[in-house]
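A.B. asks: Note that the working numbering numbers the sequence shown so that position 3 is 32, with each residue one more than the last. Backbone N, C-alpha and C define an ideal beta-carbon position, used for all residues, glycine too. These numbers were taken from a predicted model, which means no experiment stands behind them. The structure's right below; bear with me while I get my questions together.
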Amino acid sequence: MLNGFKEFIMKGNVLDLAVAVIIGAAFGQIVNALVESVLMPAISGVVGSPNFDNFALVTFNGNDIRFGVLLTAIVNFLLIAAAVYFAIVLPMNKMIEARNRRLGIDPAAEEADPNTLLLTEIRDALVAGDGRPVDGTGSKTL
């Protein structure tokens, strides 16, 4: 039982996942700092408030319904998504494109997987046919 646990822990994908979680947590702090210390204060300068928590406050039977809290969460999500896209995804895609150009790799010219081609042919034949199976010679069976 201990040997099985040791093999599980030492597998590369478990270690890769652990590293990804640790790096993700550390990077999350960077993104949060960017949103909370740079982007939200900039929005606050324009709008006049660091959040929208008191926006669209409705009192219903003595209970406060705060639509502004939802709006703040949505704005924070969009800011985080934009920060990740513009700080990581876009530069990484540009680096990959530059590397591919330097190596002469054309992604459009890459060959399709033979299994994908076969499945596409089967799908097209089924769509084009009248539903009757095809025998080994290619003619429809009755």
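1) Quick one: what's got a C-beta closer than 7 Å to Arg-109's C-beta in the same chain, skipping five residues either side?
2) To the nearest angstrom, report how far apart Phe-89 and Phe-81 are at their CA atoms.
3) So Ile-94 and Val-87 are in contact, right, with Cβ under 8 Å, and what is the actual spacing, rounded?
4) Could you round the C-beta distance between Phe-37 and Val-43 to whole angstroms and report it? I think they count as a contact, below 8 Å.
5) Rounding to the nearest angstrom, what Cα-Cα distance links Ile-117 and Met-124 in this structure?
6) Would you mind reading off the limits of the beta strand (DSSP E) that contains Phe-89?
7) Evaluate Thr-149 with the Cβ neighbour count: other Cβ atoms within 10 Å of its Cβ, from every protein chain shown; 16 or more gives buried, anything less gives exposed.
8) By DSSP, does Asn-105 sit in helix, in strand, or in coil?
9) So the alpha helix (DSSP H) Ile-94 belongs to, where does it begin and stop?
10) Roughly how many whole angstroms lie between the Cα atoms of Leu-68 and Ile-51?
11) If I'm right that Leu-100 touches Phe-84 with Cβ under 8 Å, what's the distance once you round it to whole angstroms?
12) Closest by CA to Gly-57, which one among Leu-31, Phe-96, Ala-112, Leu-46?
C.D. replies: Considering the structure as presented:
1) Start at 1 with the first residue of the sequence shown, and residue 109 comes out as number 80. Correcting the residue identity first, residue 109 is Ile in this sequence and not Arg. Cβ neighbours of Ile-109 beyond the five flanking positions: Val-60, Val-64.
2) Walking along the sequence shown from the start, residue 89 turns up at place 60. Walking along the sequence shown from the start, residue 81 turns up at place 52. In this structure, the straight-line span from the alpha carbon of Phe-89 to that of Phe-81 is close to 19 Å.
3) Position 65 of the sequence shown, counted from the start, is the residue given in the question as residue 94. Position 58 of the sequence shown, counted from the start, is the residue given in the question as residue 87. Contact holds; Cβ gap of about 4 Å.
4) Stepping through the sequence shown from its first residue, residue 37 is reached at position 8. Stepping through the sequence shown from its first residue, residue 43 is reached at position 14. Right, the Cβ-Cβ distance comes to about 7 Å (below 8 Å), so this counts as a contact.
5) Residue numbering aside, residue 117 sits at position 88 when the sequence shown is read from its first letter. Residue numbering aside, residue 124 sits at position 95 when the sequence shown is read from its first letter. Going by the C-alpha atoms only, they are around 11 Å apart.
6) On the sequence shown, position 60 is the one that residue 89 refers to. Here the beta strand (DSSP E) through Phe-89 covers 86-89.
7) Taking the sequence shown and counting its residues from 1, one reaches residue 149 at position 120. Exposed.
8) On the sequence shown, residue 105 is found 76 positions in, with the first residue counted as 1. Asn-105: helix per DSSP, three-state reduction.
9) Here the question's residue 94 lines up with position 65 in the sequence shown. No alpha helix (DSSP H) holds Ile-94; the beta strand (DSSP E) holding it covers 92-95.
10) By 1-based counting over the sequence shown, the position of residue 68 is 39. By 1-based counting over the sequence shown, the position of residue 51 is 22. Cα-Cα distance, rounded: 25 Å.
11) By 1-based counting over the sequence shown, the position of residue 100 is 71. By 1-based counting over the sequence shown, the position of residue 84 is 55. Indeed, because the Cβ distance is near 6 Å, the residues count as touching under 8 Å.
12) Taking the first residue of the sequence shown as 1, we reach residue 57 at position 28. The option with the nearest alpha carbon to Gly-57 is Ala-112.
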